[in-house]
Amino acid sequence: MSLKISKVLSMPDDVIDKYHQLIPKELLELWKKEGQCLLLNGYLRVINPDDYLKFIQDTYFRGELSIPIFITAFGDIITLEESKYLRIVRYKDGDFVSILENMYYFLQDLEDEELLEDYFEIQLYEEAVDRFGTLSFEQCFGFFPLLGLGGQKHISNIDKVDTLEHLSLITQLIGGIGFDN
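Taking my numbering, I'd label the letters of the sequence shown as residues 1 to 181.
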């Protein structure tokens, strides 16, 4: 894999020990070598699952089967479900989408334009970085007004926010993902 990776923090040993039998070997190797890191010029972050686990369990209908492993610059959480399925929980959009069933191919396909266009908003991210600067590891770009309250996906409606605070705000105002109302 020739994907550019920028290490931010080491993955804690207790996290590696906790999840090593639950995650694919490719992710385990990434955690051991690169820890919590940035991919796709900061668009995608490898996260400590424990930082988002309770949140995903409380707000996503498949949360009990999910391990949060990545988060996008727009606060979309990519989960590993049943040790193999990759899904993206898009709180800002109020939905979730299956991506792939194989971590190896997901990591390889991060350089594939089709995957990037189908699941990620790279162009909008690049515009946001040009306008607002890069994000800290705990930040994402949020839309105001919230998309679920009639906001539009447009650069003029974006601001930098704390990721967990913003996702909590979305779920408090609009609800969780996949639950029957």
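Glycine included, C-beta positions come from ideal geometry on N, C-alpha and C. Computed from a prediction, not measured in an experiment: that's the story for all the values here.
Identify the continuous alpha helix (DSSP H) that holds ASP95 and give its terminal residues. Element bounds for ASP95: not the alpha helix (DSSP H) but the beta strand (DSSP E), 95-100.
DSSP has ILE67 in a bridge; who is on the other side? LEU80
Below 7 Å CB to CB, which residues in the same chain sit around SER98 once its five sequence neighbours on both sides are set aside? Cβ neighbours of SER98 within its own chain (closer than 7 Å, five residues either side excluded): TYR85, ARG87.
Which class does THR171 belong to by DSSP, given the choice of helix, strand or coil? helix
Please report the distance separating the alpha-carbon of GLY176 from that of ILE47. GLY176 and ILE47: Cα-Cα distance of roughly 21 Å.
Among ASP109, ASP93, GLY35, SER136, whose alpha-carbon lies nearest the alpha-carbon of LYS160? SER136
Please state whether the Cβ-Cβ distance between ASN157 and GLY151 is less than 7 Å. yes
Proximal residues to GLU82 (C-beta, below 7 Å), its chain only, five neighbours per side dropped: LEU65
Contact between the stretch 121-129 and the stretch 35-46 is defined here as three or more beta-carbon pairs at a separation below 8 Å; is this criterion met? Below 8 Å, enough C-beta pairs join the stretch 121-129 and the stretch 35-46 to call them touching: three or more.
Beta-carbon contacts of MET1 that lie in its chain and below 7 Å, excluding the five residues immediately before and after: With a pLDDT of 44 at MET1, under the threshold of 50, the modelled position of this residue cannot be trusted; read the value that follows with caution. So the list reads LEU107, GLN108, once near-sequence residues are dropped.
Can you list, in chain order, the residues of its chain whose CB lies under 6 Å from that of ASN102, leaving out five sequence neighbours each side? none
THR163: CB within 6 Å of a non-hydrogen atom of the ligand HEM: For the ligand HEM, the structure offers nothing, since it holds no ligand at all.
Counting only the same chain and skipping the five closest in sequence on each side, list residues whose C-beta sits under 6 Å from that of GLY35. LYS7, LEU9, SER10, MET11
Please state the DSSP three-state secondary structure of LEU27. helix
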